[in-house]
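Please read the structure below before turning to the comments.
Residue numbers (this note's numbering): 1 to 215.
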């Protein structure tokens with residue numbers, strides 16, 4: 001993983017600590033994704049929210065170069081992750097602290113992993129067209145919200161659970177008061193906040209979001 005050298009030291013420490021905590025306390029899936037990111041050349045940026053217009057975003061460092069690599073030959077998953085960046089807003093860390101930083105990297109880290117899978121599959125589409133991985137925005141967000149909810153449950157602290165409940169990612173049972181990943185709540189959130197539905201508008205494909213072309 002490459003951390004942009006323009007990042008202030010306090011933000012760098014928060015990013016590094018977030019990855020350490022996710023690897024230490026996350027699910028098996030989350031630990032695997034974070035370790036892959038750390039082994040790769042994926043780039044992490046910290047920018048003002050006015051520059052990225054979100055708490056965090058994931059995209060390609062250079063779409064044209066990525067398409068050239070897809071055209072030239074096979075790209076493995078780690079190399080594909082090196083084509084991707086995650087940008088987190090300064091305000092996410094300033095106001096959300098480590099909870100905000102961890103949550104953003106769990107969510108955006110899932111996007112980065114899925115984008116890398118898309119890039120990898122596009123690079124082998126000429127010989128293995130049936131294995132192309134190209135999820136819709138709905139599918140991407142469904143997975144990212146699911147893994148976010150699972151992380152909140154793994155940490156279990158009140159501030160994490162409260163955020164999950166407020167975002168409709170978590171629900172709470174009436175009998176015991178225990179929290180759970182609220183799949184129906186996530187569907188409602190994707191519909192109301194993103195305009196995405198499983199049977200209607202699923203949004204663009206990952207390849208369209210990234211501007212990718214099959215080999």
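All C-beta atoms in this analysis are idealised placements derived from N, C-alpha and C, irrespective of residue type, glycine included.
Checklist entry - Can you give the beta carbon distance from residue 21 to residue 102, rounded, assuming they're within the 8 Å contact cut? => result 6 Å
Checklist entry - Does the distance from the C-beta atom of residue 112 to that of residue 7 stay below 8 Å? => result no
Next on the checklist: Considering only heavy atoms of the ligand FAD, does any lie closer than 7 Å to the CB of residue 199?
Outcome noted: For the ligand FAD, the structure offers nothing, since it holds no ligand at all.
Checklist entry - Given a threshold of 16 other Cβ atoms within 10 Å of its Cβ, counted over all protein chains shown, does residue 176 qualify as buried or as exposed? => result exposed
Next on the checklist: Applying the 10 Å Cβ sphere with the 16-neighbour rule, what's the burial state of residue 115?
Outcome noted: buried
Next on the checklist: According to DSSP, residue 101 sits in a beta bridge with which residue or residues?
Outcome noted: According to DSSP, which records beta bridges pairwise, residue 101 is partnered with nothing at all.
Item to check | Helix, strand or coil at residue 37 according to DSSP, with G and I counted as helix | outcome: helix
Next on the checklist: Under 8 Å, with one C-beta from each stretch per pair, do the segment 178-193 and the segment 44-52 reach the 3-pair mark?
Outcome noted: no
Checklist entry - Is the Cβ-Cβ distance between residue 231 and residue 46 less than 8 Å? => result Because the chain is modelled from 1 through 215, residue 231 falls outside the range shown and cannot be assessed.
Next on the checklist: Which of the three DSSP states is assigned to residue 56 in this structure?
Outcome noted: strand
Checklist entry - Fully enclosed by the segment 80-136, which beta strand (DSSP E) runs are 3 residues long or longer? => result 84-89
Checklist entry - Hey, quick one: how far does the beta strand (DSSP E) through residue 165 stretch, first residue to last? => result First-last for residue 165: 158-166, but that is the alpha helix (DSSP H), not the beta strand (DSSP E).
Checklist entry - Contact check, residue 181 vs residue 150 under 8 Å by CB: the rounded distance? => result 6 Å
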